[in-house]
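**Q** Those letters in the sequence shown? Residues 839 to 1201, per our numbering, in order. Beta carbons: idealized from backbone N, C-alpha and C, even for Gly. The structure displayed is predicted, hence computed values, not measured ones.
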Amino acid sequence: ENQVSSISVGMPTCSFDKNGKEINKVPWFPRKISEIDNTANRVLMYGTELDADHPGFKDNEYRKRRKHFTDIAMNYRHGQPIPHIDYTEEEVKTWGTVYRELNKLYPKFACREHIKNLPLLSQHCGYREDNVPQLQDVSDFLKERTGFQLRPVAGYLSPRDFLAGLAFRVFHCTQYIRHGSNPLYTPEPDCCHELLGHMALLAEPSFAQFSQEIGLASLGATDNDIEKLATCYFFTVEFGLCKQDGDMKVYGAGLLSSIAELKYAVSDRSETKPFDPISTSKVECLITTFQQQYFYTDSFEQAKEKMRSFASTIKRPFAVRYNPYTQSVEVLDNARQIATVVNELKGDLCIISDAVKKLAIKE
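#1: Just to confirm my understanding: we take G1051, look at its own chain, exclude 5 residues before and 5 after, and list those with CB closer than 8 Å. What are they?
#2: Runs of 3 residues minimum, wholly inside the stretch 983 to 1068: which ones carry the beta strand (DSSP E) assignment?
#3: Opposite Y1089 in the DSSP bridges: which residues?
#4: Just how far apart, CA to CA, sit T1024 and E929?
#5: Among A1068, A1091, T1069, which one has its Cα closest to the Cα of L1079?
#6: May I ask you to report which of helix, strand or coil DSSP gives E927?
#7: By a C-beta neighbour count over all protein chains shown, 10 Å radius and 16 as the cutoff for buried, is E1032 buried or exposed?
#8: Since Q961 is in the beta strand (DSSP E), which residue starts that stretch and which ends it?
#9: Please report how far the alpha carbon of S1044 lies from the alpha carbon of T935, in whole angstroms.
#10: Which value, in whole angstroms, describes the spacing of the CA atoms of D1192 and D975?
#11: Which word fits P1162, buried or exposed, when buried means at least 16 other C-beta atoms lie within 10 angstroms of its C-beta?
#12: Out of curiosity, what's the CA-to-CA distance linking R983 and I953?
#13: Please check the pair S1166 and K870, which I expect to be a contact at CB under 8 Å, by giving their CB distance rounded to whole angstroms.
#14: Using the Cβ count rule (16 or more neighbours within 10 Å means buried), how would you classify D1028?
#15: Quick one: grab the DSSP three-state call for I1189.
#16: How is the beta strand (DSSP E) around Y1163 delimited, first residue to last?
#17: Under 6 Å Cβ to Cβ from N1172, same chain only, skipping five residues before and after it: list those, please.
#18: So is H1036 buried or exposed if we call it buried at 16+ other beta carbons inside 10 Å?
#19: Assign Q918 to buried or exposed, taking buried as 16 or more other Cβ atoms, counted over all protein chains shown, within 10 Å of its Cβ.
#20: Mapping the DSSP letters down to three states, classify E860 as helix, strand or coil.
#21: By the three-class DSSP mapping on this structure, what secondary structure does R966 have?
#22: Across the stretch 932 to 947 and the stretch 1063 to 1072, are there enough close Cβ pairs to call them in contact, namely three or more that are closer than 8 Å?
Rendered as structure tokens:
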């Protein structure tokens, strides 16, 4: 009741009480897909800088190669084709080792959606043991399947910037390959992880929507809520399990790209719990060791419903909606905007009602 006015120029920023004190400050977030250009280069880890314990730290040729990939990502802008990479013989060999060993495990451990879509990636995107797929080919395939598209990135982004990309169905994806001295280990996400772990699930409509909804929930959220959402993302999209036909299967990309942890997560040695966003968001994410516990759901739809309920607890002075026609985020903070959405939904409901009637006539 003490709130007097709200300033909103293009997007919500902040409000002031009657004494002029700022309240409800909202962190900046992209409103248009092209505005991801403003955040995509804010790399927190790696890029051209490698830690002393990184397998490629003392390899000058590898470091030069990493700088090449960093330059590509840093110069990329929305709407441009993703540059084609001529991978070296060593890089193709490393990819081939990872590809071959993981594909031995997928039939037993991967979820049915991953198993279903992986052959499509081979057919349309050149997934083979002797060929590293090009990001543009994969991006084109995903765009047709679920509306997702890829964007090259130099290394780790902040959780806020990475999740914001998901809101627009943009997945930030590395192009570099892990160091060849140890093909089955990487201290960071590389394109083996991205292409083998993430892409098959991003080609699945229900999973793509789940990922986008986490991204939408992050827009304008507080740092504390971002941390909670990122943790939920970590234990689902990266390390999630699901029950299928009575067996525990894997859909998390971190597991689907790690031979050792993939086996461990579904073994009797690991601790598994039902996914609950409230409790899961408080669990520590481990980067250099296996997770202490894993979380499972009965379906992506169940995970989506739980995340929707959790997202509704995030305190923002507005709601957001993605407009796929303009590839922009609409901020819903007044009655006129909400009425516009309702009118659009009426049109969709008319189409559904007509389809149901025609289906009833056929039956």
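**A** Let's see:
#1: As a first step, residue 1051 must be located in the sequence shown, where it is residue number 213. The amino acid occupying residue 1051 in the given sequence is Glu; Gly does not appear at that position. Counting only Cβ-Cβ distances below 8 Å, and skipping sequence neighbours, we find K1142, M1145, R1146, A1149.
#2: 987 to 990, 993 to 995, 1008 to 1011
#3: On the sequence shown, position 251 is the one that residue 1089 refers to. In the DSSP output, where bridge partners are listed per residue, Y1089 has none listed.
#4: Translated into the one-based positions of the sequence shown, residue 1024 becomes position 186. Translated into the one-based positions of the sequence shown, residue 929 becomes position 91. Going from the Cα of T1024 to the Cα of E929 covers about 14 Å.
#5: As a first step, residue 1079 is located in the sequence shown; it is residue number 241 there, counting from the start. Measuring from the Cα of L1079, the nearest candidate turns out to be A1091.
#6: Indexing the sequence shown from 1 puts residue 927 at position 89. DSSP places E927 in helix when its eight states are reduced to three.
#7: Here residue 1032 refers to the residue found at position 194 when the sequence shown is read from its first residue. It counts as buried.
#8: Working through the sequence shown from its first residue, we reach residue 961 at position 123. Counting along the chain, Q961 falls outside any beta strand (DSSP E), though it belongs to the alpha helix (DSSP H) covering 950 to 963.
#9: Sequence index remark: in the sequence shown, residue 1044 carries index 206 (1-based). Sequence index remark: in the sequence shown, residue 935 carries index 97 (1-based). Distance between the alpha carbons of S1044 and T935 is about 31 Å.
#10: Within the sequence shown, residue 1192 is the residue found at index 354, counting from 1. Within the sequence shown, residue 975 is the residue found at index 137, counting from 1. Looking at the two C-alpha atoms, the distance is approximately 37 Å.
#11: The residue labelled residue 1162 in the question sits at position 324 within the sequence shown. Counting Cβ neighbours within 10 Å, P1162 comes out exposed, since fewer than 16 surround it.
#12: Translated into positions along the sequence shown, residue 983 becomes position 145. Translated into positions along the sequence shown, residue 953 becomes position 115. C-alpha separation (whole angstroms): 16 Å.
#13: Within the sequence shown, residue 1166 is the residue found at index 328, counting from 1. Within the sequence shown, residue 870 is the residue found at index 32, counting from 1. Confirmed, about 5 Å.
#14: As a first step, residue 1028 is located in the sequence shown; it is residue number 190 there, counting from the start. Classification of D1028: buried, given that the 10 Å Cβ count is 16 or more.
#15: For this step, residue 1189 is matched to residue 351 along the sequence shown. DSSP places I1189 in helix when its eight states are reduced to three.
#16: Numbered from its first residue, the sequence shown carries residue 1163 at position 325. Where Y1163 is concerned, there is no enclosing beta strand (DSSP E), given that its DSSP letter is neither H nor E.
#17: The residue given as residue 1172 occupies position 334 in the sequence shown. Correct list: empty, nothing qualifies.
#18: One-based indexing of the sequence shown puts residue 1036 at position 198. It counts as buried.
#19: For the purposes of this step, residue 918 is taken as residue 80 along the sequence shown, with counting starting at 1. With fewer than 16 Cβ atoms within 10 Å of its Cβ, Q918 is classed as exposed.
#20: Sequence index remark: in the sequence shown, residue 860 carries index 22 (1-based). Low confidence applies here, because E860 scores a pLDDT of 47, under 50, leaving its location unreliable; read the following figure in that light. Looking at E860 - three-state DSSP - the assignment turns out to be strand.
#21: In the sequence shown, the residue the question calls residue 966 occupies position 128. Residue state, collapsed to three classes: strand.
#22: no
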